[in-house]
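A.B. asks: Sharing a structure here in C-alpha cells format.
Residue numbers (the UniProt record's numbering): 1 to 233.
Shown next as C-alpha cells:
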C-alpha cells in the first residue's frame, strides 16, 4: 500500500491500538486522516501517548505540541524545549517521552543499538565508556538513517540507498527485505499487532508493508551468509 503525502515526511507512527497512522511533514503539518497545521517550522517527530488519545509532535522551531487525536485541537504547547530543533520523540511511558538528538533502542535494558555511517553499532551498558563493550555490524556502504525494534534479538533498518534490511543482534545476520525507493529512508514504524510496518522517505510517500509476507522465516535466515562482528580498537 502506498500513500502520496505530497510533502517530505520526517517521522511516522502507528496508533497503539487502532488502525491509525500519523506522519510529520516538512511544511509543519501533521497528517492524520485529517491534516492539522501544528507548528510554524517543519514537523520532525510524532508519537502517540495516553493510550492513543493524545499525539505529541516536535518541530525544528524548538517546540513540542500535544494535540487531541479525535478533534485535532491543541491541548498543550511547550516552547524552547531545546536550544536547537527537536529531532525525535521516544516513548518511555504513556505520559513521558524523551527528545534525543539521535535515535537508539534498548535491548532488555542492557544493550543500546544505534545507526552510523558505517553500519549498526551495539553498546553494552556495563561497558559504555570503553571500547570492549562496542560491537559493529557490517551493513552496507550506505549510512543507517532509520531503525525499528522488531523484538529483543532483531531490528529493521533503513538505509541511505532506500533499502530496508532485517538485522539480527544474536545471532548476527543481515537480510534485505525490500526497497522503499532510491531515496533515503527517513523513518520506520511497527503496528500495535506487528502485522504491518511502514516506511517514509524523501520520495514524499508513505508505504505500508505486510510483515508476514515481507519478513523471512527463521529457518531461511539461518541459511543466509552472516556478517562478521568487528570490535573497535
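Glycine included, each C-beta is placed from N, C-alpha and C at the ideal position.
Let me know the secondary structure DSSP gives residue 98 once reduced to three states.
C.D. replies: Residue 98: strand per DSSP, three-state reduction.
A.B. asks: Nearest to residue 175 by CA position, among 5, 215, 162 and 78, is which residue?
C.D. replies: 215
A.B. asks: Helix or strand or just coil, what does DSSP make of residue 85?
C.D. replies: coil
A.B. asks: Any idea what DSSP makes of residue 213, helix, strand or coil?
C.D. replies: helix
A.B. asks: With DSSP as the reference, identify every bridge partner of residue 47, one or two as the case may be.
C.D. replies: 56
A.B. asks: Tell whether a beta-carbon distance below 8 Å holds between residue 198 and residue 204.
C.D. replies: At the C-beta level, residue 198 and residue 204 stay beyond 8 Å of one another.
A.B. asks: With 16 as the cutoff for other CB atoms within 10 Å, does residue 165 come out buried or exposed?
C.D. replies: Counting Cβ neighbours within 10 Å, residue 165 comes out buried, since at least 16 surround it.
A.B. asks: Exposed or buried, which one is residue 168 when buried takes at least 16 other CB atoms within 10 Å?
C.D. replies: buried
A.B. asks: On the DSSP bridge assignment, give the partners of residue 197 in chain order.
C.D. replies: 190 and 209
A.B. asks: At the level of alpha carbons, what is the spacing between residue 52 and residue 92?
C.D. replies: 14 Å
A.B. asks: Could you pull the DSSP bridge partners for residue 75 from this structure?
C.D. replies: In the DSSP output, where bridge partners are listed per residue, residue 75 has none listed.
A.B. asks: Run through DSSP, which three-state label would residue 29 get?
C.D. replies: strand
A.B. asks: At which residues does the beta strand (DSSP E) containing residue 154 begin and terminate?
C.D. replies: Start and end: 154 to 159.
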